[in-house]
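Using my numbering, the letters of the sequence shown map in sequence onto residues 692 to 1195. Note that CB positions come from ideal geometry on N, CA and C, so glycine has one too.
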Amino acid sequence: MAGNQSEGANATGVPGELVQNMAHENPVHGDNSDGPTETGPDQHLSSLSLSARAVHADDYLNSHQAVAPPMHVSTTFRYNRDPEKLEPLFNINPNNPHDSHAYSRETAPNTTRLEAVLSSLLGGPALTYSSGLAAFHALLVFLNPRRIAIGGGYHGCHGVIRLLSKLTGLRMIEFDSSSADDDATLERELGPGDVVHVETPLNPTGEARDLERYAAIARRAGAYLVVDATFAPPPLLDPFRWGADAVMHSGTKYLGGHSDMLCGVVAVAPRHNDSKTEGGAWIPRLLDERLVLGSVMGSFEGWLGLRSVRTLELRVRRQSADAEALARWLADGVASESAGPVGRVVRAVKHASLQAEAADANSWLRRQMPNGFGAAFSVLLRDADSARRLPSKLRLFQHATSLGGVESLVEWRAMSDSSVDRRLLRFSVGIEGWTDLRDDLVRGCEALLAEEEDGGRSKAKERDAGKGESGQGQGGEKVERQEGKKGHAPKLSASDVGGSMQIM
692 MAGNQSEGAN
702 ATGVPGELVQ
712 NMAHENPVHG
722 DNSDGPTETG
732 PDQHLSSLSL
742 SARAVHADDY
752 LNSHQAVAPP
762 MHVSTTFRYN
772 RDPEKLEPLF
782 NINPNNPHDS
792 HAYSRETAPN
802 TTRLEAVLSS
812 LLGGPALTYS
822 SGLAAFHALL
832 VFLNPRRIAI
842 GGGYHGCHGV
852 IRLLSKLTGL
862 RMIEFDSSSA
872 DDDATLEREL
882 GPGDVVHVET
892 PLNPTGEARD
902 LERYAAIARR
912 AGAYLVVDAT
922 FAPPPLLDPF
932 RWGADAVMHS
942 GTKYLGGHSD
952 MLCGVVAVAP
962 RHNDSKTEGG
972 AWIPRLLDER
982 LVLGSVMGSF
992 EGWLGLRSVR
1002 TLELRVRRQS
1012 ADAEALARWL
1022 ADGVASESAG
1032 PVGRVVRAVK
1042 HASLQAEAAD
1052 ANSWLRRQMP
1062 NGFGAAFSVL
1072 LRDADSARRL
1082 PSKLRLFQHA
1092 TSLGGVESLV
1102 EWRAMSDSSV
1112 DRRLLRFSVG
1122 IEGWTDLRDD
1132 LVRGCEALLA
1142 EEEDGGRSKA
1152 KERDAGKGES
1162 GQGQGGEKVE
1172 RQEGKKGHAP
1182 KLSASDVGGS
1192 MQIM
C-alpha cells in the first residue's frame, strides 16, 4: 500500500484540516509534565514507506523516554489540578485524543497509539473495537441501513445481520459475488443509505472480488460500499482506492498476527470524515457510539496490537508469497497425470492467485492486489472423511480455527461453519518456509493414504474371516490356522480367551 494512498488522504489517514485540529494543546484532564514531544502527526509521513509508518506513525503520541511503548492498564485518569482548566467530558475535542483520556471505555493510551498507526496504514482514520464482529456491528448501527446486500464470506457477519434484522427490520439481500448475474438485481433493490458489503478475499476460499465494480453499483444506488479486507491487510489491498466508503478488519488475524489478541477495526474514507460531511464527520460520531456500545478494545490488547503492526508488512508479504507458492504447487498436483499422493487426495484448490484474472497483468485483480494475493486458501478433498482425517496427519500445520498468525494453521472448516462443503480445508500460511510446509503436506497425504490402505486390508481380512465362520460354524480358529499357513497369521489381543479370535 506504500505509494498507494487514497486520493485526499495524507499518511495519517486523516484529511489535512483535521490534522491541524489534532495538534497538541494543553491537556484537558492532566498536567503536561509528561506530554507528547510532538505537536501532531508528522506531515512528512507521506514520504515514508509502509513499514516506516508502521514504526513511526505514533511518534507524536510518545510521552515517555522509553523506546518500546509502555503498557498502560489504568481504567481511569486524573482530571487537571487547575480548576480553571476543567472541562466536562462532552467538551473534549474528539480529534485530539492523546490529551483527553478520562476513562478507558472512551479512549486509552495504548489503543490511541494503535489507532494512529492503523489510520496511517489503512489510508483513512480508524477506530479499534473488541473484535471484528464488534466492529462490523458498530458500523451497521452507525449507518443504520434499511437493506444490506452481502455476497458470501464470513458466516459471523451474516449472524450480525440476522441479529439486527430482529431489532430494526434490516433486510438482508444475498447475492452471488462470483458472477455479474445479480448486479442488475442489486441496483434495483438498493436505495440511498443502504449498504453493499463485500469481503475480499473471501473467507474461507481465499478468492478475490472486484471492488471497483461494486463501488459503481453502490454509487448508482446511493448506497455505501463496506469492505471486509481481513484477508488482505496492507500492503496487499487499499479498498479506499477502489471506492470503499468504510473498511473493516478482524484485527485478530493479520493485524495482530500472533494469535494472542482479539481486535476489530473500522476505517472510514477521508471524504466521510470532513467537517462538511452531511450529518457530521464519521469518526467523532463512531467514537461517541462506541462509548455507549461498550465494544472498546482492551488496553492490553491495544499494546499487543501496537507491537504487532510494527512487523505487519514483513509478515504479510512473506505469508502471501508462500501461500501463493503452496496453492500453485497443490493445483499443479491436482492437474498432474502422474497422480502423486497430493493428486490422489486433493480435488480442487481455491485462491486469488489461481483465478483466471491473476494471469492478466491488466486485469482488475492484478491492479487491485499488486503486492500479493493473500495468505489463506482452501482445498477441497475427495471426500469429507479425508478432510476430517488429514489435519491430524500434519506436523507443521496446526489444526485450529482462525488465521493470520505467524504459525501455519489448517482447519476442517465444518468444525466451525456448518454452511460450507464438508470436504473443505482452510489453510492459513504462517512464516515457516514454504518448502517445509509443502513437505508436511506430502507426508500428511502419504500417511492418509497408508492408513486407508491398512484399513482396507483389515476390512478384507474381516470379510474373509466372516466367510470362514459362516462355513465352519464354530470354526473361527480353523480359519486363522489356514491363514497362518499362508503366512498371514493375525496378531491376537490380550483379551482373546476360549478360542475367541479378534483381528487387531
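Looking at 968, 803, 1091 and 879, the one whose alpha-carbon comes closest to that of residue 754 is 803. According to the DSSP assignment, residue 887 belongs to the beta strand (DSSP E) that extends over 886-890.
Residue state for residue 864 is assigned as strand, using DSSP reduced to three classes. DSSP places residue 968 outside both helix and strand once states are collapsed to three, so it counts as coil. In this structure residue 926 touches residue 1062 by the C-beta definition: roughly 5 Å separates them, less than 8 Å. In the structure shown, residue 1126 falls within a helical segment according to DSSP collapsed to helix, strand and coil. The C-beta separation of residue 821 from residue 955 comes to about 7 Å, placing the pair in contact by the 8 Å criterion. Residue 951 is classed as exposed because its beta carbon has fewer than 16 other beta carbons within 10 Å across all chains shown.
Here residue 944 is near residue 921, since their CB atoms are less than 8 Å apart. Across the set 1119, 1093 and 1085, the C-alpha of 1085 shows the shortest separation from the C-alpha of residue 1134. Across the structure, residue 998 and residue 1029 are spaced so that their CA atoms are roughly 47 Å apart. Considering only 1070, 1109, 825 and 800, the residue with the shortest C-alpha distance to residue 985 is 825. At the C-beta level, residue 831 and residue 851 come within 8 Å of one another. In summary, residue 919 is buried, with 16 or more beta-carbon neighbours lying within 10 Å of its beta-carbon over all protein chains present. Closest by C-alpha distance to residue 991, out of 819, 1136 and 1003, is 819. At a cut-off of 3 residues, the continuous stretches assigned as beta strand (DSSP E) that sit fully inside the region 1041-1118 are 1067-1072 and 1100-1103. With contacts defined by Cβ atoms closer than 8 Å, residue 1142 and residue 1087 do not form a contacting pair. Inter-residue distance for residue 1068 and residue 867 is about 19 Å (C-alpha atoms, whole angstroms). Non-local C-beta neighbours of residue 1017 in its own chain, meaning closer than 7 Å and more than five positions away in sequence, comprise 1120, 1125, 1128 and 1129, ordered along the chain. Here residue 907 is not near residue 881, since their CB atoms are 8 Å or more apart.
In the structure shown, residue 948 adopts coil according to DSSP, grouped into three states. Excluding residues up to 5 positions away in sequence, 1048, 1049 and 1051 lie with their Cβ nearer than 8 Å to the Cβ of residue 1057 in the same chain.
Contact between residue 1097 and residue 948 holds: their C-beta atoms lie close to 6 Å from each other, under 8 Å.
Annotated three-state conformation of residue 751 is helix, per DSSP. When secondary structure is reduced to three states using DSSP, residue 1022 falls in the helix class. DSSP links residue 918 through a beta bridge to 889 and 938. Rounded to the nearest whole angstrom, the C-alpha separation of residue 854 and residue 862 is 11 Å. Judged by DSSP secondary structure, residue 958 falls within the beta strand (DSSP E) whose first and last residues are 955-959.
The criterion of a C-beta distance shorter than 8 Å is satisfied by residue 941 and residue 823. Straight across, the Cα-Cα distance linking residue 773 with residue 760 is about 28 Å.
For residue 845, the three-state secondary structure derived from DSSP is coil.
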